[in-house]
Amino acid sequence: MVAPSWGDLLGNGEGVLRTHQDLSLPAHAAARACLFAELNLQQRAAVAACHGHGASAWLAALPTPGLNGTGIHGVAMRAAARVWLGAPAHAGLRGRVCACGAAVGASGAHFLGTCVVQRGRHQRLHNHVVRLLAAALRRAGGWTDIAVEVGLDGVRDHLRPDLVATCTSTGVRTWGDVSFASPFADDIPARASIEPLRAVVA
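Using this note's numbering, the first residue of the sequence shown is number 5, and each one after it goes up by one.
Right, dumping it as structure tokens:
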């Protein structure tokens, strides 16, 4: 193995210095590879979800007031923090059986992406976030004709974006969709196994 020269470390021959972050990336990649090698597929998926870009933004978000605000309280906050730290959402789940008949498992990941009983709850959460985004656009100003679940002209039954709004400064009509993905959905662990250094979920 040949040690890199100072020229290799400090530049690319064109006078451009590399940052500390650039120099540390290979070390971080190697450390992640060692970590992932010791984890099972479900654990790999959880780590990939937690270290991805924006995955911890919820910890810095200011809660909004009101009945439908964005604050997380009590049991829900403890469960969210435990999952983010790599622990089961609740202790003592091993040996329990879900209402759908499946074994919950010690990690409780069954509830977070694979349980058919939870699909209605996921849909309600999706709809709640869409309404929050619409309300945020109305308060922010700069947007008009904000509407939720409006079909596109000519394809009303096929394409129904979650949100549509018009930028007042440009007149451009913008459509948006809110999407929820679980790191514990059936196909995610396999993808995390193939690409352990890529945050395939987050």
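Cβ coordinates follow ideal geometry from the N, Cα and C atoms, glycine included.
For residue i, the first and last residue of its enclosing alpha helix (DSSP H)
i	result
Trp62	Careful: Trp62 lies outside any alpha helix (DSSP H) and carries neither H nor E.
Arg177	Arg177 -> not in any alpha helix (DSSP H); beta strand (DSSP E) instead, spanning 177 to 180.
Ala40	Strictly speaking, residue 40 in this sequence is Phe, with Ala absent from that position. First-last of the alpha helix (DSSP H) with Phe40: 24 to 41.
Val87	78 to 88
His55	45 to 55
Closest by C-alpha distance to residue i, when choosing among the options
i	options	result
His207	Gly105, Leu167, Gly99	The structure shown does not extend to residue 207, since the chain is modelled only from 5 through 206, so no value can be given for it.
Same chain, Cβ closer than 7 Å to residue i, neighbours up to 5 away in sequence not counted
i	result
Ser173	Gly146
Arg86	Pro92, Ala93
Val134	Val152, Asp166, Leu167, Val182
Ile150	Ala138, Leu141, Arg142, Ala169
Terminal residues of the beta strand (DSSP E) in which residue i lies
i	result
Cys171	167 to 171
Cutoff 8 Å; reference residue i; Cβ partners in own chain excluding five residues on either side
i	result
Cys102	Val108, His114, Phe115, Cys119, Val121
Ser60	Cys54, Trp88
Neighbourhood of residue i by C-beta, 6 Å cutoff - its chain only, sequence neighbours within 5 removed
i	result
Met5	Any answer about Met5 is weak, because its pLDDT of 48 lies below 50 and its placement is not dependable; what the coordinates show is given next. Cβ neighbours of Met5 beyond the five flanking positions: none.
Arg82	none
Gly75	Pro67
Ala41	none
Touching or not, the segment 87 to 96 and the segment 111 to 123, by the rule of three or more beta carbon pairs under 8 Å? yes
Counting Cβ pairs closer than 8 Å, one from the segment 171 to 179 and one from the segment 125 to 134, do we hit at least three? no
Unbroken beta strand (DSSP E) runs of length 3 or more, entirely within the segment 113 to 159: which are they? 147 to 152
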